[in-house]
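Sequential numbering from 1 applies to the sequence shown in full-length UniProt numbering.
Glycine is no exception: its CB is placed at the ideal position from the N, C-alpha and C atoms.
A short worksheet on the structure shown next.
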Amino acid sequence: MTYTPDSKSTTVQFVDDDAAEQPVGDPIAVAGVTNGTKSYDVTSQIPARYVLAADNSATGSVQFSATGADPIEIHLKHGTTVIGSADQDATAVKPLKLTQNYTQTIHYQYADHYKPTADVTQTATSTRTATVDNVTGQVVSYSDWINGNYAAVATPAVAGYTADVPEVAAATNVTADAEHTVTYTPDSKSTTVQFIDDDAAEQPVGDPIAVTGVTNGTKSYDVTGQIPAGYVLAAGNSATGSVQFTATGADPIEIHLKHGTTVIGSGDQDATAVKPSDLTQNYTQTVHFVFADGRKAKDDTTQTATSTRTATIDNVTNAVLGYSDWTNGDFAAVPVPAIKGYTANVDEIPAQSDVTADAEYTVTYTADPVKDRGTLPVTGGQSGQGTGSQTGSQTGAGASTGAAAESSRNQANAGTTGATTANLTNQSATATATHGTLPSTGEVEARAALSLGIVTLMSTLALAGASRKRAH
């Protein structure tokens, strides 16, 4: 009798060691016969994302007995994948945090907080990897972080300013954000104020005056108190102002000046500039008083007319720039004083204005004539210088018949060099004396005595005539 071995079978079951040895997938049949050996290879049937557990194999052989063969268990573990930021597995339950970015910001500002240039930013990136369970998609573990760096940043130059640091230093193993502020302080700047003499071909006057400030700053100046002596500001110029400094400084400032001038009169002239005679001119008027025979009748009278002018002086050079017109003085009218018994040829010397020369006048006094007293009758002999009856004119000592006294008043013509000549009107007086003696020119007392004698004589003659009538 021939025995044929029975067919036998068993199964290969994958078991998930990471899930409490739960079976994974369906059992895989392995068929054979009693006392037969059957090889198997289930490598290709390992469920996706699993890997063989340690000491397990997907290949082997089964020895069947009369009762078959025990089921075969192949233990699996979850496969894992190490991924970085660039290749995260989309099957992961949630996006993985595999990178960390840190930012460094550098601010640039002036001391007044205005910005000279844009901020500079840098990013330092830290990275790590994740180990992901290929079955569940869960992260099993992370690697340590590998941190990034901040590079050194040179501070940009800003014209006219100085930064407080030349650079922001590099940083390694960055694990946090960073912020820096670079502050620029304006550089010191200066310029000058120079006075210019417009009256001396725009030559500089005095030393330059420094005006200091800072870049982009405004500096006021006032150099009024430093204007050189004797100068004044030229038109359109000011001794005050402000300077706007740039990164390269500021242009020099020119303030134009002119020579100051002073108008001086005779009372305050500078002896180094003008003489008194340059500003004052005196003219003299002299009036002489004389009798017709040339004898002095009264003391002369004099008066002075003063012409004045001003001089304009250059306060820098002390030179005389010019003179004003003369302001001329006046001669006041001079009343002619009376002298008893005499008549002057003029009543007064008239006033004269705007006098520009000396003047001289002569006033001439002429004796007044004696009035005619008439004819005195005489009867009988009269003791005296003459005898006998006189029916005509009385004969006596010093008697004068029909004597005419005529005097021409002198014309006063006076003058010195450049003197004013005054023409006084000639006047004539004619008088006829029948009796008596004319007084000598200028003898007032003699004339008075003569008049008294005539009166006495007339009285005597009258008394004599009366006596003779009584005798007859």
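Pairwise C-alpha distance: residue j and residue i
| i | j | result |
| --- | --- | --- |
| Glu254 | Ile196 | 7 Å |
| Gln281 | Thr306 | 6 Å |
| Pro350 | Ala332 | 7 Å |
| His107 | Val168 | 11 Å |
| residue 488 | Thr99 | As displayed, the chain neither begins before 1 nor continues past 472, which places residue 488 out of reach and without an answer. |
| Ala111 | Val243 | 20 Å |
| His339 | Asp330 | At residue 339 the sequence reads Ile, which differs from the His that was named. Their backbone Cα atoms lie some 27 Å apart in a straight line. |
| Val444 | Ala292 | Here Val444 scores only 37 on pLDDT, less than 50, and its place in the model should not be relied on; the value that follows carries that caveat. Val444 and Ala292: Cα-Cα distance of roughly 14 Å. |
| Thr425 | Val274 | Here the model assigns Thr425 a pLDDT of 36, short of 50, so the residue's position is not dependable, and the following value carries that caveat. If I take the Cα positions, the gap works out to 44 Å. |
| Thr50 | Gly148 | It should be noted that the sequence gives Tyr, not Thr, for residue 50. Rounded to the nearest angstrom, the two C-alpha atoms are 36 Å apart. |
| Ala118 | Gly137 | 45 Å |
| Ala319 | His259 | 11 Å |
| Ala86 | Thr129 | 10 Å |
| Ala235 | Ile313 | 20 Å |
| Ile209 | Pro156 | 35 Å |
| Ala178 | Val24 | 52 Å |
| Gly225 | His180 | 48 Å |
| Asp199 | Gly267 | 28 Å |
| Ile46 | Val153 | 56 Å |
| Ala448 | Pro369 | Residue placement at Ala448 is poorly supported in this model, since its pLDDT is 40, which falls under 50; the coordinates are not used for a value here. |
| Gly36 | Thr4 | 11 Å |
| Gln104 | Pro27 | 60 Å |
| Gly265 | Thr304 | 19 Å |
| Arg470 | Lys371 | Note on Arg470: pLDDT 38, under 50, position unreliable in the model; no value is reported. |
| Thr2 | Thr80 | 55 Å |
| Thr261 | Ala201 | 18 Å |
| Ala163 | Ala170 | 18 Å |
Exposed unless 16 or more other CB atoms sit within 10 angstroms - verdict on residue i
| i | result |
| --- | --- |
| Ser7 | exposed |
| Val263 | exposed |
| Ile146 | exposed |
| Tyr150 | buried |
| Leu279 | buried |
| Gly294 | exposed |
| Asp358 | buried |
| Val82 | exposed |
| Val165 | exposed |
| Asp354 | exposed |
| Thr317 | exposed |
| Leu321 | exposed |
| Lys189 | buried |
| Gln352 | buried |
| Ala422 | The pLDDT assigned to Ala422 is 39, lower than 50, so where the model puts this residue is not dependable, and the model offers no usable value. |
| Gln203 | exposed |
| Ala124 | buried |
| Leu257 | buried |
Residue i and residue j closer than 8 Å at C-beta
| i | j | result |
| --- | --- | --- |
| Val193 | Val214 | no |
| Gln109 | Lys115 | yes |
| Glu73 | Gln13 | yes |
| Ala66 | Thr34 | yes |
| Val346 | Phe289 | no |
| Gly334 | Thr356 | The question names Gly, but residue 334 in the sequence shown is Val. Not closer than 8 Å, so no. |
| Asn216 | Thr246 | yes |
| Pro228 | Thr191 | no |
| Val135 | Leu96 | no |
| Val211 | Tyr231 | no |
| Tyr365 | Thr343 | yes |
| Leu76 | Asp133 | no |
| Gln63 | Ala54 | no |
Proximity winner among the options, relative to residue i (alpha-carbon distances)
| i | options | result |
| --- | --- | --- |
| Ala58 | Thr11, Ala66 and Leu233 | Thr11 |
| His113 | Ile46, Tyr184, Asp55 and Asp164 | Tyr184 |
| Ser126 | Val132, Thr175 and Gly137 | Thr175 |
| Asp299 | Val336, Pro156, Gly160 and Tyr283 | Val336 |
| Ser220 | Gly241, Ala319, Ser188 and Val287 | Gly241 |
| Ser277 | Leu257, Lys296, Ala311 and His256 | Ala311 |
| Ser324 | Arg309, Ala124, Ser266 and Asp199 | Arg309 |
| Gly341 | Ala367, Glu348 and Asn328 | Ala367 |
| Asp144 | Val153, Ala152 and Thr131 | Thr131 |
| Lys296 | Val287, Thr304 and Gln303 | Val287 |
| Lys328 | Asn315, Thr4 and Thr284 | According to the sequence displayed, residue 328 carries Asn and not Lys. Checking every option, the nearest Cα to that of Asn328 belongs to Thr284. |
| Tyr161 | Pro27, Thr103 and Val182 | Val182 |
| Ala31 | Ala19, Ala48, Asn101 and Pro71 | Pro71 |
| Ala20 | Thr261, His78, Ser238 and Val120 | His78 |
| Thr218 | Tyr102, Ala48 and Ala250 | Ala250 |
| Asp41 | Ala48, Asn315 and Ser61 | Ser61 |
Residue i CB to nearest heavy atom of the ligand SAM below 7 Å
| i | result |
| --- | --- |
| Gln104 | Judged by which ligands are present, the structure shown has none, so any question about the ligand SAM falls away. |
Problem - Ranges of the beta strand (DSSP E) found wholly within the UniProt domain "Mub B2-like" (275 to 368), counting only runs of at least 3 - result: 280 to 291, 296 to 308, 311 to 314, 320 to 323, 342 to 344 and 359 to 367
Practice task
Please list the segments of the beta strand (DSSP E) lying wholly inside the segment 155 to 241, counting only runs of 3 or more residues, in order along the chain.
Solution key: 161 to 163, 178 to 186, 188 to 197, 203 to 214, 218 to 222 and 231 to 233
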